[in-house]
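Contents: one structure, followed by commentary.
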Amino acid sequence: MISAYQKLNEFYAEHESTINSAGKAIASALKNDFNSLETKIANFAATSQVLMKGLDALAQVHPFVGVAVLPFKLVISLDITRRENNKKVLTVKILMEDMMSMLFQLRDIRDPEGRDGPTLEDRMSGIMQSIADDITECGNACNVYVKENRFIKIFKAVVYEKRFVDYVTMFDKHKEDIRTALDVHTAAGVIVANKKLDGLGVHLTQMVKKMEGLFQGLDPHERDMQKFIHDSGGAEECINNETKLRMVLTMSGEISLGPSLDLTGIKELLNIEVAKDVDKAFKENMTSFLHELMAQREQLTDVITATGEHVISVLSGAARSAKILDGDLQDIWKQGDWKERVDARTFVVTIQSYYHEKFNASDTAAPGPSSSVLSPREAEDDRWTLNHIRAALNVQQLIDAIDTDDNGLVSIKEVNDFVRRRPESWSLPMWVAFCAAGWHISVTWYKNRIYHILAAMMSLNERVKPANLQAVDRYLAGPEMQRVELLLRSTNSAEGLACKDARLRDITNQFQDTEAAKFQTGLQELQYELDDVATIPLITGTQRAERYLYPLLYQLLRRHFDILRLACVHILDEFEFNMIRTSLAVIFKAVDRRTKDLEAIFKSQSSNVRDRLGQFAFGMVRQSACVCSELQLLQFQLAYGDHQRDPINNTIRTFKEEPDFKHSDSESLGPNPDDDEQTAEAVFARIDTGILQYGIKDEPSYVVEFELKNRVV
């Protein structure tokens, strides 16, 4: 049997170049040769996966390193899942990788006890904990930085670069600590260790200067902008001087600015953001970041479990159809004599024909030992699904559910992914029927419920405490809520016999309940705060935006409704409202990204992009407008972005509940507009104030509430 030591050393021998690539790339960059670093940045996801696998193998040999390996994997995994990454942040993470690669010096050490008595674990445990703490703090700082608008990054570049250099020097010191501990343990001697420590101060001072130059050299264009800001009197001068501000925005290359553009709002926001203390921002973000890491840990656990379950079939070398996890789909693939891929429409039509024949054959043929014909009882249990599977209108819904990369082809991997998403107790025909017709019913249910929530929110306006009115108005009339209304307006509702099929409605309810529980757990981990698109998969997994959009939005809006109800009886912090608006904006940023991807796919297929977007996912992305530049995103925070106010067509007040989706009496959206004060207060009293991230601000102040009676709160 191969020992853990042998596995580790074999892995290291095979991947030594990749494991040590971080150090080589940084060494070249410090000599002003950025080619290796650019390559490392471009291949960050792939090389990081190799390093993490190696560290897992190392932890099997020396378990005490796991204290540092786990936070490293979580912090790096967050960056791998992030669609857009910043070169400075990735460079910091590459330096973090360089530090972690030093741990592979432990791979040949088998003697746990040093010559002077203490074990290797005794010597290294404190270092590992320090590394773990610094990795988490650095990851949090990077998390704050990547969420900043690009222009704010430029104006605060010097401040952030200094913090990054601080973390980098810590990583370099940890490398020295590891070397020293190993030297002492292997009897190289305390004298040698002391000599290294004597020179450490000089080394770190040199490191600081080199890293400052490295960060500035990563992006020559950004460096030129920073130089202009510095030469023009600094950030404050450039923000408040319109001529200089226009110059900075023009230099960014994001957009050509006409002389008529009003910069007042942009100046106001930039001044607020630049004045914010970075260290305070790091501290305030830490709780949210730790929740993200916890959610990421759950995701990694799920991936490891799924990989372990199916690795045998992948490595078996059996026939292609045998690699498919479901028996029915194996038969279909084998009968079609397909290789690795098949046309998506052909695959779906074949599924329809297969089940039509299978259910009909069960009426006339007795199944043999190896027959794929259903027994009479099985056929009776699932026969109801055939109407939904066979419906011509549902073909595209099935294609979209299986062909997850939207390239018009279905691969064996996509088939197995489709099977894995099936609820545990469901037969495959039930799952196919749900994807064909049940999902549309689910979307329509959510659409009706969300309309009810929005109407209930609007009816609260007269009850909101005056001190909260301005913030509540910004939430209800802001661009984020406009996007919600546009989504509802553009989504076509399910109708017809499918809505009246009790069995289809039953499995749809089952699916919704399971999904809701999963999303609630994820949102609770993140305290219902979405501060970046990268946090969404921590809740939803790898689903595409159209799949999670409605259930995630519903869960968020339910929480937001409770917050607005608390705003009727307590004074809330302004940051509470900023947080809930940001969470909605993040969801629609993900939708915009998905829409841009779809546009590119449809163009490559020579399709009418407008028509395809209108048909896709019941039209829900039809009116999604992509925010194309950082400046537009900045303006989106200030005004209405790409969406002008459209009160005449607003459907929140005019929406009529659809007959097959009646509001349940058990759903509490009170108080009703005509409820008296006592009834309303009883409803508000049931809302837990613990859901507030920033607490209540009911302490005496000089804020005057303008009601029928002027009173000081």
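The UniProt record's numbering numbers the first residue of the sequence shown as 1 and each following residue consecutively. We treat Cβ as the ideally placed atom computed from N, Cα and C, and that holds for glycine. Keep in mind it's a predicted model, so treat the numbers as computed, not measured.
In this structure, the CA atom of F602 is about 20 Å from the CA atom of K589. A direct Cα-to-Cα measurement between G496 and D660 gives close to 10 Å. DSSP lists L409 as the bridge partner or partners of D343. A contact is defined here as three or more CB-CB pairs under 8 Å, and the region 384 to 400 meets this definition with respect to the region 430 to 439. The secondary-structure analysis by DSSP pairs I696 across a beta bridge with L572. Two segments are said to touch when three or more pairs of C-beta atoms, one from each, lie closer than 8 Å; by this definition the region 179 to 186 does not touch the region 278 to 295. Excluding residues up to 5 positions away in sequence, F347, T350, I351 and Y354 lie with their Cβ nearer than 8 Å to the Cβ of I332 in the same chain.
Around L106, the same chain offers H62 as residues with beta carbons nearer than 6 Å, after the five sequence neighbours per side are excluded.
With contacts defined as CB atoms closer than 7 Å, I389 and A436 qualify as a contacting pair. With 16 or more other CB atoms across the displayed protein chains lying within 10 angstroms of its CB, E222 is buried. Of the residues L538, G54, K656 and A42, the one whose Cα lies closest to the Cα of E292 is L538. Note on geometry: alpha-carbon atoms of N35 and A42 lie some 11 Å from one another. Only residues of its own chain outside the window of five on either side were considered, and among them A181 and H185 have a CB closer than 6 Å to the CB of R123, listed in chain order. Between P423 and Q510 a beta carbon distance of about 7 Å is seen, short of the 8 Å cut, so the two are scored as contacting.
By the neighbour-count definition (other C-beta atoms within 10 Å, threshold 16), N649 is an exposed residue. For R547 against R594, the beta-carbon gap comes to about 10 Å, at or over 8 Å, which does not count as contact. Per the Cβ contact rule, the region 404 to 413 is not in contact with the region 470 to 485 (fewer than 3 Cβ pairs under 8 Å). With three or more CB-CB distances shorter than 8 Å, the region 462 to 478 counts as touching the region 572 to 582.
In this structure, E242 sits away from L214, with a CB-CB distance that is not shorter than 7 Å. For D337, the three-state secondary structure derived from DSSP is coil. Per DSSP, W384 lies in no alpha helix (DSSP H) segment and is marked neither H nor E. For Y451, the uninterrupted alpha helix (DSSP H) segment begins and ends at W439 to S459. Counting only runs that start and end inside the region 33 to 71, the alpha helix (DSSP H) elements of at least 4 residues fall at 35 to 42 and 44 to 61.
With a cut-off of 8 Å on Cβ pairs, the region 672 to 687 is in contact with the region 552 to 572, counting three or more such pairs. Assigned with DSSP and collapsed to three states, T180 falls in helix. With respect to the C-alpha of D279, the residue from K227, T18 and N140 having the closest C-alpha is N140. Distances from the CA of P220 to each of E236, G234 and S252 were compared; the closest alpha carbon is that of S252.
In the structure shown, the three-state DSSP call for T18 is helix. Excluding the 5 residues flanking it on each side, D56 has no same chain C-beta neighbour closer than 6 Å.
Taking C-beta atoms under 8 Å as the contact rule, F359 and R474 fail to qualify, at a distance of about 56 Å. Scanning L487, L290, L90 and V248 for the CA closest to the CA of L526 turns up L290. For the 7 Å CB-CB criterion, I76 and G54 do not form a contact. Note on Q129: under 16 other CB atoms within 10 angstroms of its CB, so exposed under the neighbour-count rule. Distance from the CA atom of S48 to the CA atom of P71, rounded to whole angstroms, is 14 Å.
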